[in-house]
Each structure stands twice: as structure tokens, then as C-alpha cells.
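Step one of this worksheet: look at the structure below.
Protein chains in written order, with my numbering: chain A, 896 to 1354; chain B, 896 to 1354.
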């Protein structure tokens, strides 16, 4: 029972970071600007303000400010579910028989079940401050929609959620949590928008995609006075808010004098990875410390490992700005039997630039291997992990087993972004051995990449 | 932002209690002994050992030992999800505009989603120590079954769960969590047991009951070598293990010099209530302090408030021992439209004796009022509560509103036993306004109480 480091490190509430950290300030190569799809010119505040909240747009375009003060009202809300524990995975280490020291930052101890609430409350706060009536958004696995519903309920804002159809059908209970928090939830594509009707007429059997749901939510925001669109990932502002994950993680490690060797995070649009690695990447960018950083993505949606670093639309409907990012093409939709999250065709522009600069590595993993790791983790650590988070668990276990072979006592930190309580349909597939791996062929990926938009200066 | 008391009080791991407290040791009037239904004589260890684990039977019959050391292996497992936070409900207080200070002990931060894991791990530990192959049990809402699955997985024990049929159908995802942890789950009543076949032939459309599921699980345990039956509530041993809830709550209050005025807990079989109030009741029994203690039960299953204090069977099949308790009759089954847990017809014998002695009060609440409180709580405190726990929330809110009228600054502590992530079917009913209240008539209750078994000395 004697442990120098407790099973769970909780910071005192006074130790919760009061600033968000902006990686862009320390990047020599700044992320490429968003472009207006009509003019091909970098987007200005004036371009962004009709779509997003003004204060958030300032954060979006600010590549220079290193730290942003977290408004007091948001700090207060953070007290509702933060600090999140940094857990020493003693049980998992023992089960693996590894000399590695494994830690995970657990962001699932709130009803949204994930880290998404960190940015949802910030975005709702600025929307309220601007005097808006409500916000619109999309949700895939449902975590972001739930988080935004909770945040909007807190600030008494209207919340319209477009939910990727296959998730809507697989996760009726997610929908009901959002309703309990007062949100409207519509399966996407839907007949409520022009872009939805267009997609449905062309692909009546589509199971939906995040890109398509984004198009619908944006259309509703720009055509309804008093509404703006908010997004749970990809954007620079989201990575800024999510830096609270990494800041807390680092504070907890520092409190016990622990130096991480390796940081592992799952990557869909980048909200978790960008938040988790932020302060570590900051040290790396400033030359103060070195870390091995690994992004883990699904083999069925491999933006980093098989995509192209190029300007592309963020949405299927091609009405959103162009972002320079690792992308599989805005028309790419992962196989319907891909079970859990991380379905976005693109990637955060900040992370894309860092990856292009060789600041971290990326790996893709197959979903049966992911659920194998998830089940192993659940049985020894007592938390049923979200499929998304389980991508990181897979690689953390792989790395810990390598340490077992080499005898290295590496300190591995990974992000456990959330719980899998609303993903039991996927677990059922895995338990029943009906889950399989579908990996897109080179031809399919090439066919989408061939359709990337023409942008001046881009081959 | 200035608070003397943080939003969440987490004990240090070193401060987690290392002993369970046995209220019976301080009771002048001991709970009545369990009786052998055949002979009418008090049960001995020899009677109990074929059904339950030996070490647990010693705990069951021990009315004298005040504290039991928690075995080190169980303490270690507790570190996986404990300490549980004691939360100051600042957000709820503000929403209510009450001068009352509200605290809740939150036991839902583990995958079973409730406090049930506290006893599950203890029972699995003793089963393993005895060299058993496996255990059988029943589950209603599913928390206990999930908790036991997790505990058995940790100790590599076989786990057979009989799940009340209406819960099995309403909560397919609960079943899948149990499967993920390696348990066998059978809807009850089933054709796999004699008692199940008998009940099904008499009541083919029954939605099941805890009492019936208990009968099936016991039958399987006593007819399969190497198996014993374990139970998640009612028994003295369960209250003993669950005292960790109250011990931690009291330690957290003491750490900040807080004296509770009122302790509120929901009551089904008594596992949560008996655990939460244990050390407070201890002080009350020893004359060291006074507390107002309130048990809250559903109006559709009102054992304390409308039942009779008498010897009765613990199960529908009438094969279990007789317990003296507040009961609605072993054949009582709450209305099928009763949504959440707390469905047991009887009550812990320890709590029954304390209630008969006037040591606490009891209230029954209707389910629409319970879900109203649940929704209000979820929206401001960020946790979607279990329907069971929401019974306590209802009364905590009622009491806080009384304080608003009187201006009293009472300190109210209630038990938030778990989360409602697997109860969205019930929330959907509430959100859709299709939920109603069904309260058993006096005639119905009398009809069941008239059938109580004849026991020598009992009128």
C-alpha cells in the first residue's frame, strides 16, 4: 500500500490554472490562416463575426498572446467538475507487468462524459456576454452536444444541435441527456436546411458525417438573427480553452516532481490532443524540455497518417472557411461500421502545422485492437473508457509493453478524454465479436484527395 | 470566488477510513435475528454457510464488534475510485436562494455508477478468500449487478446475475457493461430455475421484482457447488461495508469543522441510507450528538411509511430467511410504471429497528416530483442523478426551501448515490410528460400485509 504518488492526484481548487495557454504564441511557423472560400483571402474579424461570437474570433486569430485570463464566471463553472484527477495507473501497470509508470488525465467525471465541457462553457459564456439568443452546433458521438447543452442551460441560452444520424440512432440516450438540459436535437442530414436537403437528395441512405452536420448548423446560425455557430474541435480557440487539460496535468506532475517522457492523446479534430499537449509542447517549442508526443487516430479515418497537408473545407457542404490542415478530403466519410468518434476528415490547423514541423508523431490503430485495450483497461482500472480515449489507451499499453521488453522505466502520460457509458452499442459489437476493421483503400483516399479545392499557391 | 469550503472536498488517500463501523454495536435494542423459515428458530452460522460466504456470515451475526478492519486488498481497490467527493452545492443553493448550506456525498464516480461497489468488492474478496468458483446475485436498476461484475472481474470470480425483467428490457446497456466485465446476465423471472418457472406459470406477464430475482439467484447458488449467493442491500453486512460512505462524509465535514444538522438518504433496501448515516447515528446512539435524519422512499413502494414492522420473507419465492423489518409483504411488486430503483418490498433489519425506536423519520415522495428535482439539480450541479438518489434530492430541496422561509442556515447533507446515465428511459418519460404517479391503495397494501407469514410471538 505504500506509494509515494497517490492513486489519484487532485489539485487543490486554488491550484487550478487560471489562464489558458496559446501554443501559437511559441510557434515559429504559425498555423496557416483560414481562407474565405469565395475570395481565397485570409479571413478577417469582419468575415468571421457573422458566423462566430466576436470575442471567440479574436481568440481564433490571435497568434501572439501567450496566456489568456480565464474569466471568473468560467473559473467558477470549472469548479463544478474540475480539477480532473491525474490517475497513476497502478492497476494497469501491474496487469501488464511493466516497469513503465503510467498516468492518465481523466476528463470524464462530468455528465457530458468528456473534456468537451471545457470549451463549451467558454463558448457559451462569450455568446451570452454578446447578448445572443442561442447557438447552433453539430455533434458526432454526442459528447460535444451534451457539453454544449449543459453550458447553454447554465447561461440560459437556446441550443440547437445537429447530431450525425448514425450516432443519433445508436445513442438515443445521448439525445435524451441533451433534452434534459433543454437542447433541440435534430438528426443530420435533415430536411430542416438547404444543405441537408441537398445531401439527402444525392445520398438518401447516408449515415451522416460531422462535416455535413457542421454545414447544417452553420446554415441555421447565419440565417437566424441572434444565433451564432459554435464548434467543439478543430478551431484554434477550442485548443486554447482545452489547454486547461494540459495545464492541470503539468501542475499535478510538477507537484510530485514527475517528469513525463511520453504524452499520448487521441486525435479526431484535435481538441483533446491540442489541449493535453499544450504546455509540454510549449516547453518543447521554447527548447526548455523534450517529450515524445504521439497522436493516435483511427485506421478508418487516418487524417495525419494518410491525409494531405493542404487547404480544404471544414465541412461537407463546402460553405465553411478553408483551413490548411491534414485532410482526407471534405467529402470523406468513414465507414459506417467505425464505432467511436474521431470521424472528422480534417485536423486542427495548429496541430497540422506542428506535425508538419516534426514536433510530434502520429499512429493509426484498428478498432478491434482499440476495444481490446478498452476492455483490458476497464477491467483493471474500473473506468469504462470512451472509444475515442481508447485509441490512446491502445498505444499507451503498446508502449508500456515495449518498456517491459527493454526494461525502461518510462513515464507515460495519456489523456482519458471520457467515459463509454453511451457507447455500449459499440461494446456490444466487440463483446459479440461482430466488430471488424474497415480501412479505406489507397484508391478511395486518393479519389477524395484529388478533389481538394484549388487555392492560389497550393499545388 | 472566495470560499472557505471548496466546491468539492476530497480527503487525502491517507485519510480514507480503514475501518468499517458497525451501528449494531451501539444499539441498545439489537435488530431482530433472521429466522429459519422452516423451524422459526434464529439462524446460525451453520444455517447460513451453505448460502452465503462464511466470513460474511460472521459479520452478519456480529452485533457487538464496533469496528472491523478493512482488509488491505479491499483498501487497495477502494483507491481505484475513492475518496468520493463531498460536494458543497453552491450552485444549487444559489438557484434556490436558500440560506441553507447543502452538501452531498457523491458516490457515482465509478463505472457501476453508484455506491454499490463498496460492498461488492468486499463480498467478492471474501468469496475469493474462501476459494469459491463464483457468486450469484440479483439486480434491479442494474447498479448492484454492474458493481458485482466489476468486483468479480478484479478477483477472477464467475458472476451470474439475475436482472429484474423490466430493468433488463429498459436498460440493455447496463447488461452490456456487465458483459464487458465478464458476467452472465439473465432476465428474471427466467426458465433457468424452479422458482422462475413457477412464477412465470402463475404470472406469465410479470415484469419481475427484486424479490423474485433473489429467489432465482439463491436457488442457483445452493444447487451449484462452489457458488454462494451475495446481496447488495438489506443485510447487516452490506450496511457494515457501506459505512465507508458515512465515515468518509464525516471525516470530510470534520476536516472543515462543519457540523451537519440534517442527513438525508434515499432508502430501498437500506444500503445507502444505512451506510451514509452510520457514524452520525453512532453519535446519536451514544448520546454524543444529535442529527435530524430523514429516509426518503418512493410513494409507490413505501415500506417505512406504510409497511408493517414484522417478520417476513426477503424474497418472493419464500425460500430465503425471515427478517423482521418494515415490509409491504413479500408478494408486493411496485407498479410497472415506477421508474427508478428502490423497488424492494422490505427494509434493512438494522434500519427497521432504529426506525421503530424513533431514531429517524421517513418520508415518501412521488416520482414526478422526484424527476423535477433531478432535472433542477442536473441543470445547476452538472451531474445527471440516478432516480434513486433523486428521492433524497427532492427532500433536500424541500428542506432548503423551508430554510428560505424561516431564514435558518441549516447544514443539510444528502447522499447522491449515483448517476442516471442508464436511466434515460425514465428521463425520457419525464421529459415527454408521459410519466405519472401510481400510489398503491390501502386495500392493496392490506391485502399483501394480511398474507405475512405466521411466526411464533408475532401477531
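Glycine included, each C-beta is placed from N, C-alpha and C at the ideal position.
Residues that residue i contacts on chain A, provided the C-beta gap is smaller than 8 Å
{"i": "residue 1356 of chain B", "result": "As shown, chain B starts at 896 and ends at 1354. That puts residue 1356 of chain B outside it, with no answer to give."}
{"i": "residue 905 of chain B", "result": "905"}
Nearest-angstrom Cα separation, counted from residue j out to residue i
{"i": "residue 1128 of chain B", "j": "residue 1081 of chain B", "result": "20 Å"}
{"i": "residue 1098 of chain B", "j": "residue 1262 of chain B", "result": "26 Å"}
{"i": "residue 1149 of chain B", "j": "residue 904 of chain B", "result": "11 Å"}
{"i": "residue 1237 of chain A", "j": "residue 1009 of chain A", "result": "13 Å"}
{"i": "residue 1336 of chain B", "j": "residue 1105 of chain B", "result": "21 Å"}
{"i": "residue 1068 of chain B", "j": "residue 1319 of chain A", "result": "6 Å"}
{"i": "residue 956 of chain A", "j": "residue 1326 of chain A", "result": "46 Å"}
{"i": "residue 948 of chain A", "j": "residue 994 of chain A", "result": "48 Å"}
{"i": "residue 1019 of chain B", "j": "residue 1054 of chain B", "result": "10 Å"}
{"i": "residue 962 of chain A", "j": "residue 916 of chain A", "result": "5 Å"}
{"i": "residue 1183 of chain B", "j": "residue 1177 of chain B", "result": "8 Å"}
{"i": "residue 1287 of chain B", "j": "residue 1191 of chain B", "result": "6 Å"}
{"i": "residue 1036 of chain B", "j": "residue 1252 of chain A", "result": "52 Å"}
{"i": "residue 1174 of chain B", "j": "residue 1153 of chain A", "result": "38 Å"}
{"i": "residue 1032 of chain B", "j": "residue 1278 of chain B", "result": "29 Å"}
{"i": "residue 897 of chain B", "j": "residue 1072 of chain B", "result": "Because residue 897 of chain B carries a pLDDT of 44, less than 50, the predicted location of this residue cannot be relied on, and the following value inherits that uncertainty. Roughly 41 Å separates the two Cα atoms."}
{"i": "residue 1107 of chain B", "j": "residue 1265 of chain A", "result": "39 Å"}
{"i": "residue 1022 of chain B", "j": "residue 965 of chain A", "result": "51 Å"}
{"i": "residue 1041 of chain A", "j": "residue 1322 of chain B", "result": "15 Å"}
Listed by chain order, chain A residues near residue i by CB distance under 7 Å
{"i": "residue 1072 of chain B", "result": "1279 and 1319"}
{"i": "residue 908 of chain B", "result": "901 and 902"}
{"i": "residue 1005 of chain B", "result": "1277"}
Interface partners of residue i on chain A, CB under 9 Å
{"i": "residue 1285 of chain B", "result": "Under the 9 Å cutoff, chain A gives no residues; its nearest Cβ is about 12 Å from residue 1285 of chain B."}
{"i": "residue 1045 of chain B", "result": "1273, 1274 and 1277"}
{"i": "residue 1178 of chain B", "result": "Here the premise fails: no neighbours, minimum Cβ distance about 28 Å."}
{"i": "residue 1326 of chain B", "result": "1071, 1074 and 1075"}
{"i": "residue 1316 of chain B", "result": "1006, 1008, 1068, 1072, 1314, 1316 and 1317"}
Status (buried if at least 16 other CB within 10 Å, exposed otherwise) for residue i
{"i": "residue 1207 of chain A", "result": "buried"}
{"i": "residue 1302 of chain B", "result": "exposed"}
{"i": "residue 1181 of chain A", "result": "exposed"}
{"i": "residue 1343 of chain B", "result": "buried"}
{"i": "residue 1138 of chain A", "result": "buried"}
{"i": "residue 1294 of chain B", "result": "buried"}
{"i": "residue 1272 of chain A", "result": "buried"}
{"i": "residue 959 of chain A", "result": "exposed"}
{"i": "residue 1096 of chain B", "result": "exposed"}
{"i": "residue 1086 of chain B", "result": "exposed"}
{"i": "residue 1002 of chain B", "result": "buried"}
Residue i versus the options, residue with shortest Cα-Cα distance
{"i": "residue 1298 of chain B", "options": "B:1271, B:996, B:1085 and B:960", "result": "B:996"}
{"i": "residue 1224 of chain B", "options": "B:1201, B:1235 and B:1232", "result": "B:1201"}
{"i": "residue 924 of chain A", "options": "A:1001, A:1033 and A:1250", "result": "A:1250"}
{"i": "residue 1015 of chain B", "options": "B:1341, B:1220 and B:969", "result": "B:969"}
{"i": "residue 1270 of chain A", "options": "A:1257, A:1048 and A:1292", "result": "A:1292"}
{"i": "residue 1217 of chain A", "options": "A:912, A:938 and A:1116", "result": "A:938"}
{"i": "residue 900 of chain A", "options": "A:983, A:919, A:1322 and A:974", "result": "A:983"}
{"i": "residue 1212 of chain A", "options": "A:1163, A:1084, A:1307 and A:1162", "result": "A:1084"}
{"i": "residue 1163 of chain A", "options": "A:1063, A:1046 and A:1034", "result": "A:1034"}
{"i": "residue 1230 of chain B", "options": "B:1001, B:974 and B:1061", "result": "B:1061"}
Proximal residues of chain B, C-beta to C-beta of residue i below 7 Å
{"i": "residue 1323 of chain A", "result": "1071"}
{"i": "residue 1068 of chain A", "result": "1319"}
{"i": "residue 1270 of chain A", "result": "1075"}
Contact list for residue i against chain B, beta-carbon separation under 9 Å
{"i": "residue 1034 of chain A", "result": "In chain order: nothing, as chain B lies at least about 16 Å away."}
Where residue i meets chain B, residues with beta-carbon distance less than 8 Å
{"i": "residue 1048 of chain A", "result": "1274"}
{"i": "residue 1263 of chain A", "result": "Neighbours of residue 1263 of chain A on chain B: none; closest Cβ ~15 Å, over 8 Å."}
Proximity test, Cβ basis, 9 Å: residue i and chain C
{"i": "residue 1080 of chain A", "result": "No chain C is present in this structure, whose protein chains are A and B."}
Take every Cβ of the segment 1161 to 1176 of chain B, pair it with every Cβ of the segment 1244 to 1262 of chain B, and state whether three or more of those distances are shorter than 8 Å.
-> The segment 1161 to 1176 of chain B vs the segment 1244 to 1262 of chain B: in contact.
Stretch pair the segment 907 to 918 of chain A + the segment 967 to 982 of chain A: three plus CB contacts closer than 8 Å = In short, these stretches touch, since the Cβ pair count reaches three.
Examine the Cβ distances between the segment 927 to 935 of chain A and the segment 927 to 944 of chain B and report whether three or more of them are shorter than 8 Å.
-> No, because fewer than three Cβ pairs between the segment 927 to 935 of chain A and the segment 927 to 944 of chain B fall closer than 8 Å, the two stretches do not touch.
Are three or more beta carbon pairs between the segment 1306 to 1313 of chain B and the segment 1049 to 1064 of chain B nearer than 8 Å?
-> Too few Cβ pairs lie closer than 8 Å, so no.
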